Amino acid sequence: MSTLTQKDVQRIADLARLELSHEELDLFTRQLGDILTYVEQIRSLDTTGVEPTSQVLNRPVDRDDAPGPTLTRPQLLDNAPDASMEAGLFKVPRVIG
Amino acid sequence: MSAVAAVERSLARIQALEPTLSAFNTVMAERALERARALDATAPKGPLHGVPVAIKDNICTAGVPTTASSKILAGFVPPYDATVVARLEQAGAIIVGKTNLDEFAMGSSTENSALGPSKNPWDVARTPGGSSGGSAVAVAARMVPMALGSDTGGSIRQPAGLCGIVGLKPTYGRVSRYGLLAFASSLDQIGPFTHTVKDAADVLQVIAGFDRHDSTSSSEAVPDFAGALTGDIKGLRIGVPRAFLGHGVDAAILAAFEAALQVCASRGATIIDIELPHAGYGIPIYYLICTAEASSNLARYDGVRYGYRTPLQKDDTLQKMYERTRDEGFGAEVKRRIMLGTYVLSAGYYDAYYLKAQQVRTLVRQDYDRAFEQCDVVATPTTPNPAFRLGEKLSDPVSMYLEDIFTVSANLSGLPAISLPCGFAGRGDSAAGTRLPIGLQLTGRAFDEATLLRAGDAFQRDTQYHTEQPPVG
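Residue numbers (this note's numbering), protein chains in the order written: chain A, 4 to 100; chain B, 17 to 489.
Below, the structure written as structure tokens:
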């Protein structure tokens, strides 16, 4: 199950939005395979009926859906690699032709 | 001492040692001095009045670059302070700089920093540990008396252990994570590095408590931590998971650990054997859970809202811009973890890896629940080995991961844990007379930092390891 092919790794890279070089594909195919072989040991544990822990707090983490003060639009745009302060928008490559 | 004098002393020490140790990403000399002058002009207003502190560079500081030691956050200047930063400043502390880390806190050596590794002041050919290595170095080398780090799988306790200082990971929810750049949200927690347990108690007092900006922060009452330091550990039951210590622990570390238990026993603590049958599964499930959470948390770094964007080429699509930005902006370990996390969350593998890991996480937690029926704190060494050489484990991710074997369980269980200096290992293979610090880790019940601090303080009353200075400067 943990035999990863380069094709698998390319598919994961696509899902993760990472453009990997050929060298990285090679390296990660080997290293991710090693890591998956290592973690394989948990599969032999019997966990029938064991509830999963996704977080350790024994209470809901919701808060009231009430509006409050936030950062301003210029403060948020200020860190963008490309933004139009006048229009108040982030700029990205054209999406629709 | 005036605040200005304290800050000047700190800055002079940083200037002298920084070329050797590389602890800092940013030094805020002017800002710190300005603030010190302002503080000296007023009556003392808080428990940390005029104390210089360093902040790990994955914790947001308004107006000061916050990089997570990653190229992908190049140029990012947060428009807000993390809650811990605001609370420290409210208490009178003066931030003198931002410290180096493994990129996005992913690593155990600071070697994954895009800015290069920090050096262990006890032997500059070795790692200070990580990921909060810069903060640990800054405190160990007396550049600052206290610093903040973050701990997802040991990233405060392991560098504290390897650098011979105190490091505390509070209970999950004890300290607000607002303004901490998220790595693995169910595991991350901010905590202090100091020399003494008393100082750690003072920092925790300031940063602990509910924060409406972090819905996972706890409204549990914050006790008087300094008041808990009575020196009295008579009858304290210290549990030792003997079977878990059986394999792969350095002989000098085991000897120092046993000696530390004796120190506690001679103060009236009872040492008992306990079992943590699933602790050995901590590393595999940690790397499944933290990478899954990281792959989601780091999806936000896409070259649109902040930080680095790849130079655009003609005909680049939006997706191409995302993919190249992320490949160029992230380092190898971060990409490795995003890839692993994406894989274990993907269709067909979720149940086998991620869900399974979450179930085993429940078993790890239940081990502690049972252990704490018999004992009040659990003791282990902080790390299986003293500081390793820079470069030694870089090509083998799994061997690097195994350095966290004793620390990950506290994060998986959400429990508080502290590392205390408890001895030194001699190293004949290094420069003559090299001594490498050893850490004792104590893990406590949820929200019972007070007992950890009381035990740690009692230990420091009978030992001098925390007063020893590394051979730099």
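For glycine and all other residues, C-beta sits at the position ideal for the given N, C-alpha and C. None of these values were measured; they are calculated from a predicted model.
Asked	Found
Quick one: what's Ala368 of chain B bridged to in DSSP?	Partner(s): none; Ala368 of chain B has no beta bridge.
Quick check on Ser87 of chain A: does DSSP put it in helix, strand or coil?	strand
Using alpha carbons as the reference points, say which of B:Gly91, B:Pro432 and B:Val279 lies closest to Gly247 of chain B.	B:Val279
Are the C-beta of Ile38 of chain A and some C-beta of chain B separated by less than 8 Å?	yes
I need the DSSP call for Gly407 of chain B, collapsed to helix, strand or coil.	coil
Hey, is the region 321–337 of chain B in contact with the region 350–370 of chain B, meaning 3+ C-beta pairs nearer than 8 Å?	no
Which stretch, first to last residue, makes up the beta strand (DSSP E) that contains Asn401 of chain B?	Asn401 of chain B -> no beta strand (DSSP E), and no H or E assigned at all.
What residue from B:Pro68, B:Leu304, B:Ile88 and B:Tyr188 has the CA that sits closest to Arg53 of chain B's CA?	B:Pro68
With DSSP collapsed to three states, give me the class of Met4 of chain A.	Residue placement at Met4 of chain A cannot be trusted, given a pLDDT of 46 that sits under 50; the coordinates are not used to answer.
Going along the chain, which residues of its own chain have a beta-carbon closer than 6 Å to the beta-carbon of Met4 of chain A, five neighbours each way excluded?	Interpretation of Met4 of chain A is limited by its pLDDT of 46, a score under 50 that renders its predicted location unreliable; no figure is taken from the coordinates.
Put Met162 of chain B into one of helix, strand or coil per three-state DSSP.	strand
Starting from the beta carbon of Ser57 of chain A, find every residue of chain B whose beta carbon is closer than 7 Å, and list them in chain order.	Ser202 and Gln374
Check Pro487 of chain B in the structure and name its three-state DSSP category.	coil
In whole angstroms, what is the alpha-carbon distance linking Leu27 of chain B and Thr187 of chain B?	32 Å
Drop a sphere of 10 angstroms on the beta-carbon of His25 of chain A, count the other beta-carbons inside from all chains shown, and report buried for 16 or more, exposed for fewer.	exposed
Is it buried or exposed for Gly472 of chain B, if we count other Cβ within 10 angstroms and need 16 for buried?	buried
Quick check for students: name the residue ranges of the alpha helix (DSSP H) that lie wholly in the region 337–365 of chain B, counting only runs of 4 or more.	348–361
Rounded to whole angstroms, what is the Cα-Cα separation between Leu39 of chain A and Ala45 of chain B?	46 Å
Spell out whether any CB of chain A is found under 8 Å from the CB atom of Thr82 of chain B.	no
Measure the alpha-carbon distance for Val42 of chain A versus Ile301 of chain B and round it to whole angstroms.	7 Å
Less than 8 Å between the CB atoms is what I'm expecting for Phe40 of chain B and Lys114 of chain B, so what's the real figure, rounded?	7 Å
Confirm, please, whether the CB-CB distance from Arg470 of chain B to Ala109 of chain B is below 8 Å.	no
Express the C-alpha separation of Pro94 of chain B and Gly79 of chain B in angstroms, rounding to a whole number.	6 Å
Beta-carbon within less than 8 Å of Thr378 of chain B's beta-carbon, same chain only, minus the 5 sequence neighbours each way: which residues are those?	none
Would you say Ser429 of chain B reaches chain A, if we count a Cβ-Cβ gap shorter than 8 Å as a contact?	yes
Could you pull the start and end residues of the alpha helix (DSSP H) that Ile254 of chain B belongs to?	Here Ile254 of chain B belongs to no alpha helix (DSSP H); instead the beta strand (DSSP E) covers Arg253 to Val256.
Buried or exposed: which applies to Ile99 of chain A, given that a residue is buried once 16 or more other Cβ atoms fall within 10 Å of its Cβ?	exposed
Run down chain B in chain order and give the residues with a C-beta less than 9 Å from the C-beta of Ile99 of chain A.	Those within 9 Å of Ile99 of chain A in chain B number zero; the least Cβ separation is about 10 Å.
With a Cβ-Cβ cutoff of 8 Å, do Leu458 of chain B and Ala441 of chain B count as a contact?	no
Pop quiz: Leu410 of chain B and Glu127 of chain B are said to be a contact at Cβ under 8 Å. What is the actual Cβ separation, rounded to whole angstroms?	6 Å
DSSP on Gln175 of chain B, reduced to helix/strand/coil?	According to the sequence provided, residue 175 of chain B is Pro. The question's Gln does not apply to it. Pro175 of chain B falls in the helix class under three-state DSSP.
Leu33 of chain B lies in the alpha helix (DSSP H); which residues open and close that run?	Ala19 to Leu37
What in chain B is Cβ-close to Glu22 of chain A, meaning under 7 Å?	Glu339, Arg340 and Asp343
Sorted by chain position, which residues of the same chain lie with C-beta nearer than 8 Å to Leu275 of chain B's C-beta, five sequence neighbours on each side aside?	Strictly speaking, residue 275 of chain B in this sequence is Ala, with Leu absent from that position. Taken in chain order, the residues that qualify are Cys438 and Gly439.
Please confirm whether Pro186 of chain B has its beta-carbon closer than 8 Å to some beta-carbon of chain A.	no
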